[in-house]
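Here the structure comes first, spelled out in structure tokens, and everything after it is commentary.
In the UniProt record's numbering, the protein residues as written are 1 to 273.
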């Protein structure tokens, strides 16, 4: 408690209980009083200050302030997923989305048609099967090369890998088409090698890419069927040419349907649950 002089003034030259002058310090200012409704003895002149406690790690404080990402400080927002390899299909221009969807649709329809042809005409010569499979691999390789170029936001490593796989598939298809008139045994060996290696490469690539797609169920199915088909084809004996064409037809139909479904789902925002 401040001392008062003979004129009834305190040490600051003010009447006790009056508002202090500008620049003067009130007694016990900054300390909460017993009533808890203000700071200092002269609480009628001091508003109660709201204190915001800073927490560790940038966690949100009592004020509920929001970060630039739309969420509280210290929490990742939707604009920063933290995954540098995530493919942002929604960022593609509409024209590019339509082009990629059309490419997926073309390869899907081609695969279904080739698969049905192998199932409906199994007694035809291996030359027809070689021509059909050669066309399929050429189309598949070209589409993979084009899609890897037009997909914006695709990391450089994935882009180079897709182009490399597309080139291998296209070369394999051209080799099969150029040698379609060889003997049955030679053609069967060539088809076995090209088909087996091509399906394994496509399956492994699709499996690696499936984790960054919104709906990866069909992509995983495509990858599994492709790898299994490639392994079986590589180890198939020469006497099982008919079975090879039947299995190849079924695998082509499954992979074609998966590609058609992908054509409808590419670039679309998944529905929130």
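Glycine included, C-beta positions come from ideal geometry on N, C-alpha and C.
Rounded straight-line distance, which links the Cα of residue j to that of residue i
{"i": "residue 145", "j": "residue 121", "result": "31 Å"}
{"i": "residue 233", "j": "residue 99", "result": "33 Å"}
{"i": "residue 245", "j": "residue 119", "result": "7 Å"}
{"i": "residue 257", "j": "residue 207", "result": "17 Å"}
{"i": "residue 109", "j": "residue 178", "result": "24 Å"}
{"i": "residue 264", "j": "residue 94", "result": "14 Å"}
{"i": "residue 136", "j": "residue 235", "result": "22 Å"}
{"i": "residue 195", "j": "residue 259", "result": "18 Å"}
{"i": "residue 97", "j": "residue 139", "result": "19 Å"}
{"i": "residue 105", "j": "residue 262", "result": "8 Å"}
{"i": "residue 231", "j": "residue 157", "result": "26 Å"}
{"i": "residue 193", "j": "residue 161", "result": "21 Å"}
{"i": "residue 249", "j": "residue 101", "result": "24 Å"}
{"i": "residue 172", "j": "residue 201", "result": "12 Å"}
{"i": "residue 222", "j": "residue 107", "result": "13 Å"}
{"i": "residue 198", "j": "residue 225", "result": "13 Å"}
{"i": "residue 134", "j": "residue 227", "result": "19 Å"}
{"i": "residue 254", "j": "residue 247", "result": "11 Å"}
{"i": "residue 169", "j": "residue 147", "result": "14 Å"}
{"i": "residue 142", "j": "residue 127", "result": "23 Å"}
{"i": "residue 117", "j": "residue 132", "result": "9 Å"}
{"i": "residue 180", "j": "residue 174", "result": "10 Å"}
{"i": "residue 209", "j": "residue 159", "result": "11 Å"}
{"i": "residue 266", "j": "residue 229", "result": "25 Å"}
{"i": "residue 130", "j": "residue 203", "result": "21 Å"}
{"i": "residue 103", "j": "residue 149", "result": "12 Å"}
{"i": "residue 205", "j": "residue 252", "result": "17 Å"}
DSSP-derived helix/strand/coil call for residue i
{"i": "residue 137", "result": "helix"}
{"i": "residue 151", "result": "coil"}
Opening and closing residue of the alpha helix (DSSP H) in which residue i lies
{"i": "residue 102", "result": "94-120"}
{"i": "residue 156", "result": "156-178"}
{"i": "residue 266", "result": "From DSSP, residue 266 is part of no alpha helix (DSSP H); its letter is neither H nor E."}
Answer yes if the stretch 217-225 comes into contact with the stretch 153-171, meaning at least three C-beta pairs across the two stretches below 8 Å, and no otherwise. No, the stretch 153-171 is not in contact with the stretch 217-225.
If we count Cβ pairs, one from each stretch, closer than 8 Å, do we get three or more for the stretch 155-169 versus the stretch 103-121? Taking 8 Å as the limit for Cβ pairs, the verdict is that the stretch 103-121 does not touch the stretch 155-169.
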